[in-house]
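Participant: Taken in sequence, the protein lines are chains A and B. Position in the first sequence counted from 1, then plus 6, gives you my numbering. Position in the second sequence counted from 1, then plus 3, gives you my numbering. All C-beta atoms in this analysis are idealised placements derived from N, C-alpha and C, irrespective of residue type, glycine included. The structure that follows is given in the form of C-alpha cells.
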Amino acid sequence: MIWSCGAALVALIVCAPLAALGWQAWGASAGHWSHLAQYVLPQAAANTGLLLLGVGALTAVLGTGSAWLVSAYEFRGRRILSWALLLPLAVPTYIIAFAYLDLLHPIGPVQGAIRALLGYDSPRQFRLPDLRSLPGAVFVLGCALYPYVYLSTRAMFMTQAANVLEAARTLGAGCYAAFWRVALPMARPAIAVGLSLALLETLNDIGASEFLGVQTLTVSVYTTWITRSDLASAAQIALTMLVIVVGLILLERHGRRRQRYAAAQRMRPMQPLRLHGWRALLAAGLCALPVMLGFVAPALYLLWETQKRLHLVGGVSRQLWAAAGNTLAIAGAATLITLACGLVVAWAARATRDSGRRRLTQLYARAAGMGYAVPGTVLAIGLLTPLGLFDQALSALLGTTGLVLMGSAAALVCAYAIRFLAIACGGVEAGLARIPPSLEQASRLLGESAGGTLRRVHLPLLRPALGAAALLVFVDAMKELPATLLLRPMNFDTLATWLYGEAARGTYEEGAVAALAIVAAGLIPVILLARGQEKMPETRDRDQKPKRTAVDRHDPAPVHGDAPALAGAAHISDKQP
Amino acid sequence: MKSPRFALSTLFGALCVAGATLAAPALAAEEVTLYTTREPKLIQPLLDAYTKESGVKVNTVFVKDGLLERVKAEGDKSPADVLMTVDIGNLLDLVDGGVTQAAPSKALESVVPANLRGADGSWYALSLRDRVLYVEKELPVNSFHYEDLADPKWKGKVCIRSGQHPYNTGLVAAMIAHDGAEATEKWLRGVKANLARKAAGGDRDVARDILGGICDIGLANAYYVGQMKNAEPGSDARKWGDAIKVVRPTFAKARDGGTHVNISGAAVARHAPHKAEAVKLLEYLVSVPAQTLYAQANYEYPVREGVKLDPVMAGLGPLKVDALSVADIAKYRKQASELVDKVGFDN
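Here's what the structure looks like:
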C-alpha cells in the first residue's frame, strides 16, 4: 500500500508541470490555430516527420549494424570499438552541431583540403552544399544519437541471440540470412526501445535544429512563445505534440502485441566468427566510422580550438572550476533522487502485479516517464508554476521570506529528476523483470518483510541495472541546458550554462574549454557504462545459475531486460504483454 | 530499512541538503539582484565596476527565455530587483506582464531621451543596437535601403539569421510601420527568394559566410563588427571581420533617413526588495563610465550623448536613428512574426 502511495506521489509530481501547462493552454483562445494550420504546421510537421524519419533510419542502421558486427564477428579492434561506440553519448548534440558547422564550413579544414586537392584557391570557385539544412540536421543528430540504439541492441545480441542463431546456422543459414531473418526480427523490441529514446531526443531538440535552420514543431512552439509572447498557444501546441507522441508509442506497442519473444533457455554470449583479411578491415572500418563521426571529429575539433585559445583564456578560470563543481553536485544529487523515485515506482508496480491495483500502479509507472516526452524548455516552463506555489505555501507556513526551491539548486534537481525519471524507471523495471517472483516468495516465507526483501534480495541483484541507469541519468543531467537556464538560482553556473554564456555572445569558439570540460566529464560515466555493459553476461551467468529453472518456468523475461537503462522508455514505450 | 518512507525521506532530505548547500547566501543590506537575459560576458564587467565603485554586491541570474514566467512564478517573494533584457518587445512584455514598477528618477530622465523610456519610468533603454548591412568589402555598395534587400539582383547573395529572431522581427515591425503590411510581406518574399542559405545561425555567421563565399551581403547587428574587427589578429573572428565592410541602411520612404535600432533596457521589478538600490544601479548604468564601457567593451551605441566610441565603431560614422519610437515599432511585433511565418521565411 505504502509503495503504491509513494508511486502515486512520484507520478503526481511528474504530472504537475504538465497539468500547469494544461492550465496555461486552457486560457488561450483558439484563434491562432488558423494561422498555424495555414502557414506553420504543414511545413513544421513535414520537417519534423522527415527529420524523425531520417534520424530514425540513420540511428537504426548505425546502431544495429555496429552492434551486430561487434557481437557476431571477431576482428582486430573489436574490443575497443565495442565500448568506443558509446562515446558520442558524452557529447551534447548542440556541441556536435557547432563543431560540424565549423569543420564543414567553406573556410573550414575539410573544404579547404578539398579545394587544395582540386586546385581551387577561393571558396567562391567551389563549395560543398551547406550543412544548415534538413539532411545536415539528420547527419548531425544521427551521429550523436545512434548510441541509444547501439546500447540496447548490443545488450540483446550479447545474450539472447546465441541459441537461435546457432540453430539457424546449423540449418544452413548464411551470415546474411542469419542477420536478416533471425537476428533482426529478434532485435526488434531492443531496436524499438533505443529508437524511441533517440527519436524523443530528436523531437525535443531545440539547440541543434534551430542552429541548423530546421523548423520543427518544437521550434514553432518556441517561436509562438518567445516571439509572439503567446505562452498559452505554445502550451497548446506542446500538449498536442505530447498526445501524438504518446499515441505513436502506444501504436508501436500495439503493433507488437501478438509477438512473443521467448526467453532463451541458456543465456550466454554468441560465439563470434573470426574475420580475416579485407573482411576484418571492412568490419573494423564500418564500426569505427560512427565513432569517428560522432565523437572523434568533434572532440578533436574542441581540443584544437582549446589549445588555440589557451593563451587567451589563461588556463582554466576559477569560475569554470566552480561551474564544474556545481555540475557534478547537482547531476549527482539528481541521479540519486531519480533512482530512488524510479525504484519506488517500479517496486510498487512489481509488488502489486498480482493484485487488483495492478492497473493503477502501471499507470503511475507510465505517468512517471512523461517528463522525457516533452522538450526541456517546455517542461521547465510548466514546472515554474508548481515550484512557485510550493515555495509560496512553504514560506506562508514557516513564516520565512526566502524561496526554498526556486531560490536554490533544488529546483534544478527537481527538474532533472522529472525529466530523466523515464530512464531510471525503465531501467529498474527491466531489471526487476529478470528476477523471478519465487525469490521474493521464498524470502517472505522465511519471514523477511517487503522492504527487507527489496533491500536484501532485489537490490543486490539489481545492481547492474541500477548502475547503468544511474550513469545514463548522470550524463544526461550534466548535458541538460534549457531547464537549467530557466530554473537556476542566482550566481550559479553549470558547465552547460557557461558554454551557453559564450555561445550567446556569438563567440562560441571561446566556449571550447567549457565544451571540452563537458565532454571530458561525460566520458568517465560513459566509459564506466560501456565497461559494465561488456561485463554483464559473465556476471549474470555467475549470479543467476541457481535460479535458472525459476526464470524459465515463471518469468519469461522481456527480451530487452539486458538493456536495463535503455529500457528507460519502457514504461511509456515498451511493456511486454 | 529500505522502505518507501525511507525513500521519500531520503528524497526530501536530499532536496533540503541540495537547497541548503547550493542556495545563495542570505541577502545582506548592501546588495541588489539582477535578473537578465543579457549575455553574462557582456554585463559582468559593468557589474564588477559598479561593485568596485559603490561597494554594493550585485547578484545575478542569467536566463535565456522565460524571464517573465519565472518572475511571475516567484510572486511577491521574488528576490529580483532589476530586470534587464535585450529587445524592446521582451522589455515591454515584462511591463505588460505586470512584473515591473514605475521608478521615476531625475538622473535617468535627464540622460535617456523620452522616446527611449517608459513615460512613468516603467522602463529605460540602456544601449542602442543598430541593424546594419555587412557587405563583402570589395563590393561597390555605399548606401542601401532596407527595401533593396529584396532586389532580384541580390538573388542567392543574401545571408540572414532566422526571421523569427527578435532582431529580425523588430526590423520587420519597423518595416510594417513605414511601408505597411502588404509591402512588407512582398519584401519578405523577395528577401526569402534572395537567400543564399537557410535563415539560421547567428549574426556573426553573416560575416563568416561572406568570407566563405556563400553570400555577398547580409543584415546583422553592428556591435559584432566591433567584436570581430577588434579581435586578436589571426583569430577566426578577426578574419571574418576583416572580410566585410558596414553600410548603415535606411528606410526608402522615411525622410529622416535613419537606421533601425533596437535597444537593451531595464526596469525595476514590482516586488523588488531593494528598490532604492535598484534605481541606483540603473542610474549607474547610464553614467559616463558605464556608458563608456557599453561603447568600448560591448561596442553598443550608448544612450547617453557625448560618450567616446570605440575607434572601429566611430569609423562607421555617427548613428542616425530612425525617427519611429521603439515602443511604436514594438506594437507591430506580433504581426511581423506572423508575416515571417506566412511567407515561410525560415523554411
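Mapping the DSSP letters down to three states, classify Gly37(A) as helix, strand or coil.
Facilitator: Residue state, collapsed to three classes: coil.
Participant: Of all the residues that make up the region 189–210 of chain B, which are near chain A by a beta-carbon distance shorter than 9 angstroms?
Facilitator: Those residues of the region 189–210 of chain B that come within reach of chain A (Cβ to Cβ, closer than 9 angstroms) are Ala199, Arg200, Lys201, Ala202, Ala203, Gly204, Gly205, Asp206, Arg207, Asp208.
Participant: Say whether chain A places a C-beta atom closer than 9 angstroms to the C-beta of Ser81(B).
Facilitator: So, interface residue.
Participant: Check each residue of the region 41–59 of chain A: if its Cβ is closer than 7 angstroms to any Cβ of chain B, include it; give the result in chain order.
Facilitator: Cβ contacts with chain B come from His41, Tyr45, Val46, Gln49.
Participant: Just to confirm my understanding: we take Ala272(B), look at its own chain, exclude 5 residues before and 5 after, and list those with CB closer than 8 angstroms. What are they?
Facilitator: The residues are Tyr38, Val74, Ser81, Ala83, Asp84, Val85, Leu86, Val102, Thr103, Gln104, Ala281.
Participant: Measure from the alpha carbon of Gly375(A) to the alpha carbon of each residue in Thr230(A), Ala423(A), Ala63(A), Gly142(A), then state which is nearest.
Facilitator: Of Thr230(A), Ala423(A), Ala63(A), Gly142(A), the residue nearest in Cα terms is Ala423(A).
Participant: Check the Cβ-Cβ distances between Trp39(A) and every residue of chain B, and say whether any is below 9 angstroms.
Facilitator: Cβ-Cβ to chain B under 9 angstroms: no for Trp39(A).
Participant: Would you kindly work out how many angstroms separate the C-alpha atoms of Tyr53(B) and Cys420(A), rounded to a whole number?
Facilitator: Rounded to the nearest angstrom, the two C-alpha atoms are 35 angstroms apart.
Participant: Would you call the region 334–351 of chain A and the region 130–137 of chain A in contact, with 3 or more CB pairs under 8 angstroms?
Facilitator: Contact fails: fewer than three Cβ-Cβ distances are below 8 angstroms.
Participant: Excluding the 5 residues flanking Ser226(A) on each side, which residues of the same chain have their C-beta closer than 7 angstroms to its C-beta?
Facilitator: The answer, listed in chain order, is Val46, Ala50, Ile243.
Participant: Cβ closer than 8 angstroms: which chain A residues qualify as neighbours of Arg132(B)?
Facilitator: The contacting residues do not exist; Arg132(B) stays about 13 angstroms from chain A at best.
Participant: Assuming Glu280(B) is part of the alpha helix (DSSP H), what are its boundary residues?
Facilitator: Looking at the DSSP string, the run of the alpha helix (DSSP H) that includes Glu280(B) is 278–288.
Participant: Is Ala430(A) buried or exposed, if buried means 16 or more other CB atoms sit within 10 Å of its CB?
Facilitator: Buried, because 16 or more other Cβ atoms sit within 10 Å of the Cβ of Ala430(A).
Participant: Who are the Cβ neighbours of Tyr154(A) in its own chain at under 6 angstroms, not counting the five residues just before and after it?
Facilitator: The answer, listed in chain order, is Gly200, Leu203, Ala204.
Participant: Taking 9 angstroms as the CB-CB cut-off, is Pro129(A) touching chain B?
Facilitator: Cβ-Cβ to chain B under 9 angstroms: yes for Pro129(A).
Participant: Would you mind sorting Ala520(A) into buried or exposed? The rule is 16 or more other CB atoms within 10 Å of its CB.
Facilitator: The residue is buried, with at least 16 neighbouring Cβ atoms inside 10 Å.
Participant: If the cut is a Cβ gap below 8 angstroms, which residues of chain A does Ser340(B) touch?
Facilitator: Within chain A, the residues near Ser340(B) are Thr229, Thr233, Arg234.
Participant: Since Asp245(B) meets chain A, which of its residues come closer than 7 angstroms, beta carbon to beta carbon?
Facilitator: Here the premise fails: no neighbours, minimum Cβ distance about 12 angstroms.
Participant: Excluding the five sequence neighbours on either side, which residues of its own chain have a C-beta within less than 8 angstroms of the C-beta of Leu57(A), listed in chain order?
Facilitator: These residues qualify, in order along the chain: Leu140, Ala143, Val144, Leu147, Thr208, Ser215, Val220, Thr222.
Participant: How about His282(A): is its C-beta nearer than 9 angstroms to some C-beta of chain B?
Facilitator: For His282(A), the answer is no, since every Cβ of chain B falls outside 9 angstroms of its Cβ.
Participant: Which of the three DSSP states is assigned to Pro305(B) in this structure?
Facilitator: DSSP places Pro305(B) in strand when its eight states are reduced to three.
Participant: Please check the pair Arg160(A) and Ser77(A), which I expect to be a contact at CB under 8 angstroms, by giving their CB distance rounded to whole angstroms.
Facilitator: Confirmed, Cβ separation roughly 6 angstroms.
Participant: Measure the CB-CB distance between Ile247(B) and Ile213(B) and report whether it falls below 9 angstroms.
Facilitator: Taking 9 angstroms as the Cβ cut-off, Ile247(B) and Ile213(B) qualify as a contacting pair.
Participant: For the alpha helix (DSSP H) that contains Ala226(B), what are its first and last residues?
Facilitator: Residue identity check: residue 226(B) is Tyr in the sequence provided, not Ala. First-last of the alpha helix (DSSP H) with Tyr226(B): 226–232.
Participant: Evaluate Trp186(A) with the Cβ neighbour count: other Cβ atoms within 10 Å of its Cβ, from every protein chain shown; 16 or more gives buried, anything less gives exposed.
Facilitator: It counts as exposed.
Participant: Would His168(B) and Ala257(B) be called neighbours here (beta carbons separated by less than 9 angstroms)?
Facilitator: Contact flag unset, no.
Participant: Can you list the alpha helix (DSSP H) stretches of 4 or more residues lying completely in the region 105–162 of chain A, in chain order?
Facilitator: Taking only runs of at least 4 residues, the alpha helix (DSSP H) segments lying wholly in the region 105–162 of chain A are 115–124.
Participant: Under the three-state reduction of DSSP, which class applies to Ser81(B): helix, strand or coil?
Facilitator: Ser81(B): coil per DSSP, three-state reduction.
Participant: Tyr506(A) CB to nearest chain B CB: under 9 angstroms?
Facilitator: Interface residue, yes.
Participant: Just the Cα atoms here: how many angstroms apart are Ala436(A) and Gln447(A)?
Facilitator: If I take the Cα positions, the gap works out to 19 angstroms.
Participant: Assuming Arg251(B) contacts Leu319(B) under a Cβ cut-off of 8 angstroms, what Cβ separation, rounded to an integer in Å, is found between them?
Facilitator: With 8 angstroms as the limit, Arg251(B) and Leu319(B) qualify as a contact, their Cβ atoms being about 7 angstroms apart.
Participant: Taking the straight line between their C-alpha atoms, what separation do you get for Tyr302(B) and Gln368(A)?
Facilitator: Tyr302(B) and Gln368(A): Cα-Cα distance of roughly 58 angstroms.
Participant: Do you know how far the Cα of Ala177(B) is from the Cα of Ser130(B)?
Facilitator: Rounded to whole angstroms, Ser130(B) to Ala177(B) spans 18 angstroms at the Cα level.
Participant: By the 10 Å Cβ neighbour count, where 16 or more other Cβ atoms means buried, how is Lys55(B) classified, buried or exposed?
Facilitator: Classification of Lys55(B): exposed, given that the 10 Å Cβ count is below 16.
Participant: Could you have a look at Gly6(A) and say whether DSSP puts it in helix, strand or coil?
Facilitator: Outside the displayed range of chain A (7 to 583) lies residue 6(A), so it cannot be described from this structure.
Participant: Which runs of the alpha helix (DSSP H), 4 residues or longer, sit entirely within the region 305–341 of chain B?
Facilitator: Those alpha helix (DSSP H) runs which fall completely within the region 305–341 of chain B and span 4+ residues are 314–317, 329–333.
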